[in-house]
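Numbering-wise, the sequence shown is residues 44 to 155 according to my numbering. Okay, structure first, notes after.
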Amino acid sequence: MKATFLESDGLYPQKKKPDPSMRNLALGILLQAFRDIVSPKKTSNKDWKSWRQDALDWFYSNTTHPGSLLWVCEVLEMNQKDLRGWLHDYRRSGHHRRKEMAKKLIRFQIRH
44 MKATFLESDG
54 LYPQKKKPDP
64 SMRNLALGIL
74 LQAFRDIVSP
84 KKTSNKDWKS
94 WRQDALDWFY
104 SNTTHPGSLL
114 WVCEVLEMNQ
124 KDLRGWLHDY
134 RRSGHHRRKE
144 MAKKLIRFQI
154 RH
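Structure (structure tokens):
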């Protein structure tokens, strides 16, 4: 007869954070989406408009597959409504306000 073992995280299990490499991947995806919207490389890439539209579609998608906004938010423990709210405000702002928002985004940090 084969012995079986039950695993337990204890009475008060600690929430396990995703692997650091997964967090780095999620952060890279999020930052690239921001880059495609905030500062597309217009001079060096003729497809910048389609990339910006893809990033906008990505931000407003409700899919949950790996790489999606909802997946990224889960991995980084962020609220997608906050990100979508920021994007909404950014798109409705004038040039000066957009520049200020982009500067703050550059200083944006996610806890590791």
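Think of the CB as a built atom: it goes at the ideal place given N, C-alpha and C, for glycine as much as any other residue. Note that this is a predicted model, so its numbers are computed, not measured.
Of the choices the options, whose alpha-carbon is the least far from that of residue i?
{"i": "residue 103", "options": "77, 88, 61, 119", "result": "77"}
{"i": "residue 73", "options": "90, 121, 136", "result": "121"}
{"i": "residue 95", "options": "130, 110, 138", "result": "130"}
{"i": "residue 60", "options": "119, 99, 68", "result": "119"}
{"i": "residue 124", "options": "93, 81, 88, 105", "result": "105"}
Given a cut-off of 8 Å on the beta-carbon distance, is the pair residue i and residue j in contact?
{"i": "residue 101", "j": "residue 107", "result": "no"}
{"i": "residue 148", "j": "residue 81", "result": "yes"}
Helix, strand or coil for residue i per DSSP?
{"i": "residue 64", "result": "helix"}
{"i": "residue 137", "result": "coil"}
{"i": "residue 5", "result": "Absent from the structure is residue 5, since the part of the chain shown begins at 44 and ends at 155."}
{"i": "residue 59", "result": "coil"}
How many Å lie between residue i and residue j at the Cα?
{"i": "residue 71", "j": "residue 64", "result": "10 Å"}
{"i": "residue 97", "j": "residue 140", "result": "23 Å"}
* Unbroken stretches of the alpha helix (DSSP H), 4 residues or longer, contained in the stretch 79 to 110 -> 91 to 103
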